[in-house]
């Protein structure tokens, strides 16, 4: 704003505001005449040109709560006391700022018990009047007690601690997930923030109950009755509860009637109305009001049973038993389930009630005793309460608690075991044999038996189990593999006398498939080395040392018996070039290997014999070791 008047001083030019600003006011924070305190914050209607020049005049944007103005203006006119300027409009541009506190708008959450509720704009929203729009984030500052806030992702459901307004505005995946507890309400606290301002509210959740709980028997003690007696079944013997249903309306549906008596429905005076048969029912209220009665036929020494389902009308609890014990002599023998068991060699197996158990109408589980009359020969039975200690007896209750197990301990490869036992209820006994099948496990290392081989030069020698053998009691011969780590130098190992191999099996040896073939060279020995594996163990034992397993190769020595199959050759024959005096005074020629020498690769020099086929015409051949006697042969 620039105000000029050529013939008037700035102090005398007074401007009057004709139309005030809509979203603020004009203030003059210069001191009032006679005062030193500034007038800041006080709207004015007039100001002088000198106030403008001295920067005392300012616009205050004061009206912004709930509004987001982007511009404003005021109209004014200036006068020097005589002349006035035209009306002028002063425009003002307002830059927005984050000054609005966001607000949360919500409805009560209504969700079925155990289900999810999608959180979207119809039930949760937030408003922030700032322009441009701020990003609003909901933060869960107090989690629900009976559920959680989660997000359904393609990979599964994950719990979230915060989410944006934008995320629930379009295809929301944010849900409230009820924990299926028997509750009718829940709540949690949300805080919405635009990054500067926060607002919090408690969200209420109404849970619509769903009858999804199965009734449970809190009392099922059975009934003790005398022979031929009638007795009420009260809530001291039989009682059911349901977390989400009225207990008195819980219904018992009869699935099997008693064999040695009958059930009656009484009126409130105790008179019998009718008998309850298969498929009929009565309620917990009937039991509470003592309207259900059992009557015994009169047979002694038996235990009766009522089989029933319990239901709240939606959720059945099936196959329940109510036992009726009749006083008298016990003449019922235990009934035994005896299926046997299979386990791996060296292992152990729990004897549960699926494979071994007993029942007796007149006896409790803790009174049914198993006594081992002949123990197993390749293992023993143990109780988990006393591990490592063989036992000779146990109860049906211990079987039901998975406390009894068989341990295989034998090193032999026998695949069967068994034990004989007696089951008694204290009065009656039955005898059975429990059979145990032992499956093979490769837990033994091969044992090598090896001696040297003897072979004639240039020939083959069959490798039999007398020279090389591997024993492994839990591995088939065709699975025991000899791997040659160093082949023989002067021969080769053949399968079926034709194929050079670098590995072979014990089955090959047993079937006379393996041979060593000497190459015919003038050698007296050979050897080859190998390691043995049964497919699982890379270690083996070398007989007779069975204490320390080996990994390093074993070497078999081969002795080669030479064969004289080479013709001697004359390698030196120079003849006699001169005659010299001999010790006996005659003139002659001495033979040595420098003038006459024969060789044979497979014979010693002492075995090479010269035979004279045509004697000399003008002399004789003598051997001085035999007193100069004429000879017909001599050796090299």
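In the UniProt record's numbering, the protein residues as written are 1 to 636.
The beta-carbon is built from N, C-alpha and C at its ideal position, and this holds for glycine as well.
| Check | Outcome |
| --- | --- |
| Expressed to the nearest angstrom, what Euclidean distance is found between the alpha-carbon atoms of residue 341 and residue 366? | 23 Å |
| Considering residue 116, what are the terminal residues of the beta strand (DSSP E) in which it resides? | 116-118 |
| Hey, is residue 151 close to the ligand COA, as in C-beta under 8 Å from one of its heavy atoms? | The ligand COA is absent from the structure shown, which contains no ligand whatsoever. |
| Can you confirm whether the segment 305-325 touches the segment 244-256 when touching is taken to mean that 3 or more C-beta pairs between the two stretches lie within less than 8 Å? | yes |
| Which residues bound the alpha helix (DSSP H) around residue 349? | Counting along the chain, residue 349 falls outside any alpha helix (DSSP H), though it belongs to the beta strand (DSSP E) covering 348-350. |
| Between 79, 527 and 375, which lies nearest to residue 492 when the distance is taken from Cα to Cα? | 527 |
| Which whole-angstrom value describes the C-beta separation of residue 632 and residue 612, a residue pair presumed to lie in contact below a C-beta threshold of 8 Å? | 5 Å |
| Would you kindly check if the distance between the Cβ of residue 175 and the Cβ of residue 117 is under 9 Å? | yes |
| How is residue 297 classed by DSSP in three states: helix, strand or coil? | coil |
| Are the beta-carbon atoms belonging to residue 146 and residue 179 less than 9 Å from one another? | yes |
| Does DSSP put residue 479 in a helix, a strand or coil? | helix |
| For the structure I just gave you, are there three or more beta carbon pairs, one from the segment 405-425 and one from the segment 363-377, closer than 8 Å? | yes |
| Is the separation between the beta-carbon of residue 58 and that of residue 13 shorter than 9 Å? | no |
| DSSP puts residue 304 in a beta bridge; with which residues? | 324 |
| List the DSSP bridge partners of residue 262. | 295 |
| Does DSSP classify residue 271 as helix, strand or coil? | coil |
| Can you check DSSP and say which residues form a bridge with residue 111? | 207 |
| Would you say the segment 104-113 touches the segment 208-222, given that touching needs at least three Cβ pairs under 8 Å? | yes |
| Which of the three DSSP states, helix, strand or coil, is assigned to residue 213? | coil |
| Taking all protein chains shown into account, do 16 or more other C-beta atoms lie within 10 angstroms of the C-beta of residue 169, making it buried, or fewer, making it exposed? | exposed |
| Which residues bound the beta strand (DSSP E) around residue 170? | No beta strand (DSSP E) contains residue 170, which DSSP labels as neither H nor E. |
| Determine the contact status of residue 614 and residue 635, defining contact as a CB-CB distance below 9 Å. | no |
| I need the DSSP call for residue 88, collapsed to helix, strand or coil. | strand |
| Taking the alpha helix (DSSP H) that residue 612 belongs to, which residues open and close that run? | Careful: residue 612 lies outside any alpha helix (DSSP H) and carries neither H nor E. |
| I need the straight-line Cα distance from residue 671 to residue 347, nearest angstrom please. | This structure does not reach residue 671, given that the chain is present from 1 up to 636, and the question cannot be answered. |
| Assuming residue 531 contacts residue 479 under a Cβ cut-off of 8 Å, what Cβ separation, rounded to an integer in Å, is found between them? | 15 Å between Cβ atoms; not a contact. |
| Tell me whether the beta-carbon of residue 637 lies closer than 9 Å to the beta-carbon of residue 356. | Outside the displayed span of the chain (1 to 636) sits residue 637, for which this structure offers no information. |
| Are the segment 495-511 and the segment 562-579 touching by the rule of at least three beta carbon pairs closer than 8 Å? | no |
| Is it buried or exposed, residue 514, if we count other Cβ atoms within 10 angstroms and call 16 or more buried? | buried |
| So, helix, strand or coil for residue 61, using DSSP? | coil |
| Rounded to whole angstroms, how far is the Cβ of residue 101 from the Cβ of residue 199, which I believe are closer than 8 Å? | 6 Å |
| Given residue 637, which residues of its chain have a CB within under 6 Å of its CB, disregarding the five upstream and five downstream residues? | The structure shown does not extend to residue 637, since the chain is modelled only from 1 through 636, so no value can be given for it. |
| Counting only the same chain and skipping the five closest in sequence on each side, list residues whose C-beta sits under 8 Å from that of residue 446. | 470, 471, 472, 475, 480, 532, 533, 534, 537, 540 and 541 |
| Please report how far the alpha carbon of residue 166 lies from the alpha carbon of residue 52, in whole angstroms. | 47 Å |
| Would you kindly report the start and end of the unbroken alpha helix (DSSP H) that includes residue 398? | 396-400 |
| The beta strand (DSSP E) spanning residue 150 covers which residue range? | 147-153 |
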